[in-house]
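Chemist: Got a structure for you, questions after.
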């Protein structure tokens, strides 16, 4: 049972349970989801207690993600702080895989790997991008899983380099915009 699994992980430095709550109906799911969103966490994964775990990217009948369906998107400016090559064995292993970004105050940090053209991925180098201001589009501002004082963008996408801007936006500006 789930309770037995929790009992075996208690005090174990390798395994630790994540926050969880048992819900029994749609209203309880939505109340918990509202609480999670107010705390700026990413969302929920509903799991069938009697279901078998499936590690899959394509979905499972025993688990389901719950996330915002409002379709709101936001844009803000960030400073590029790092460059990653694409994954080994992929078309872009010798080109751009992702860029690291930060806000003006450093309280929003993360990386963006979507929104780049093939030409940008093939031709941009670390020297070309580090220190530049970019516009990123994102769905939500959420708390970082590992650091309470840091936030990250949920589903960030690269939009453009901003030659007309000299500094990134702050956490306060992005929070106000994404309310």
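Numbering (the numbering used here), first residue to last: 1155 to 1333.
For each residue, glycine too, the CB sits at the ideal point set by N, CA and C.
No experiment lies behind these values; they were computed from the predicted model shown.
(1) What number of angstroms, rounded off, separates the C-alpha of residue 1190 from the C-alpha of residue 1198?
(2) Find out if the Cβ-Cβ distance for the pair residue 1278, residue 1265 is shorter than 8 Å.
(3) Are there 16 or more other CB atoms within 10 angstroms of the CB of residue 1163, so buried, or fewer, so exposed?
(4) Tell me whether the beta-carbon of residue 1259 lies closer than 8 Å to the beta-carbon of residue 1307.
(5) Rounded to the nearest angstrom, what separates residue 1203 and residue 1218 at their Cα positions?
(6) Just checking my contact of residue 1290 with residue 1274 at CB under 8 Å: how many whole Å lie between their CB atoms?
(7) Kindly list the residues whose CB is nearer than 7 Å to the CB of residue 1201, restricted to its own chain and excluding five residues on each side of it in sequence; keep chain order.
(8) Going by beta carbon distance, what residues of the same chain come within less than 8 Å of residue 1320, once the five residues before and after it are set aside?
(9) The alpha helix (DSSP H) with residue 1340 in it runs from where to where?
(10) The beta strand (DSSP E) that contains residue 1315, what's its start and end?
(11) Of all the options 1285, 1226, 1269, 1257, which has the alpha carbon lying nearest to the alpha carbon of residue 1305?
(12) What three-state label does DSSP hand residue 1193 in the structure shown?
(13) Cβ of residue 1246 within 8 Å of Cβ of residue 1312?
(14) What does the alpha-carbon distance come out to for the pair residue 1174 and residue 1322?
(15) Closest to residue 1238 by C-alpha separation, out of 1220, 1226, 1179, 1276, would be which residue?
(16) Would you please state the rounded distance, in angstroms, between the beta carbons of residue 1228 and residue 1331? I believe it to be under 8 Å.
(17) Can you name the start and end residues of the beta strand (DSSP E) that residue 1254 belongs to?
Modeler: Taking the definition as stated:
(1) As a position in the chain shown, residue 1190 is number 36, starting the count at 1. As a position in the chain shown, residue 1198 is number 44, starting the count at 1. Each residue's alpha carbon lies about 8 Å from the other.
(2) The residue you call residue 1278 lines up with position 124 of the chain shown. The residue you call residue 1265 lines up with position 111 of the chain shown. No. Outside cutoff.
(3) Looking up residue 1163 in the chain shown gives position 9. Burial state of residue 1163 is exposed, judged by a 10 Å Cβ sphere holding fewer than 16 other Cβ atoms.
(4) By one-based count along the chain shown, residue 1259 stands at place 105. By one-based count along the chain shown, residue 1307 stands at place 153. Against a cut-off of 8 Å, the Cβ pair of residue 1307 and residue 1259 comes out as no contact.
(5) Position 49 of the chain shown, counted from the first residue, corresponds to residue 1203. Position 64 of the chain shown, counted from the first residue, corresponds to residue 1218. In this model, residue 1203 and residue 1218 are separated by some 12 Å (Cα to Cα).
(6) Your numbering for residue 1290 matches position 136 in the chain shown. Your numbering for residue 1274 matches position 120 in the chain shown. About 14 Å separates the two Cβ atoms, so there is no contact after all.
(7) Here residue 1201 refers to the residue found at position 47 when the chain shown is read from its first residue. Closer than 7 Å at Cβ, skipping near neighbours: 1216, 1217.
(8) Indexing the chain shown from 1 puts residue 1320 at position 166. Result list for residue 1320: 1287, in chain order.
(9) Coverage of the chain is limited to positions 1155 through 1333, which leaves residue 1340 absent and any answer about it impossible.
(10) What you label residue 1315 is simply residue 161 of the chain shown in a count that begins at 1. Where residue 1315 is concerned, the enclosing beta strand (DSSP E) stretches over 1311-1315.
(11) In the chain shown, residue 1305 corresponds to position 151, counting from 1. Answer by Cα proximity: 1257.
(12) Along the chain shown, one-based indexing puts residue 1193 at 39. When secondary structure is reduced to three states using DSSP, residue 1193 falls in the coil class, being assigned neither helix nor strand.
(13) The residue given as residue 1246 occupies position 92 in the chain shown. The residue given as residue 1312 occupies position 158 in the chain shown. No, these two residues do not count as a Cβ contact at 8 Å.
(14) As a working mapping, residue 1174 is identified with position 20 in the chain shown. As a working mapping, residue 1322 is identified with position 168 in the chain shown. Note on geometry: alpha-carbon atoms of residue 1174 and residue 1322 lie some 36 Å from one another.
(15) Within the chain shown, numbered from 1, the residue matching residue 1238 stands at position 84. Among 1220, 1226, 1179, 1276, the Cα nearest to that of residue 1238 belongs to 1276.
(16) Taking the chain shown and counting its residues from 1, the one referred to as residue 1228 is at position 74. Taking the chain shown and counting its residues from 1, the one referred to as residue 1331 is at position 177. So it is a contact: roughly 6 Å between Cβ atoms.
(17) For this step, residue 1254 is matched to residue 100 along the chain shown. From DSSP, the beta strand (DSSP E) with residue 1254 extends over 1250-1256.
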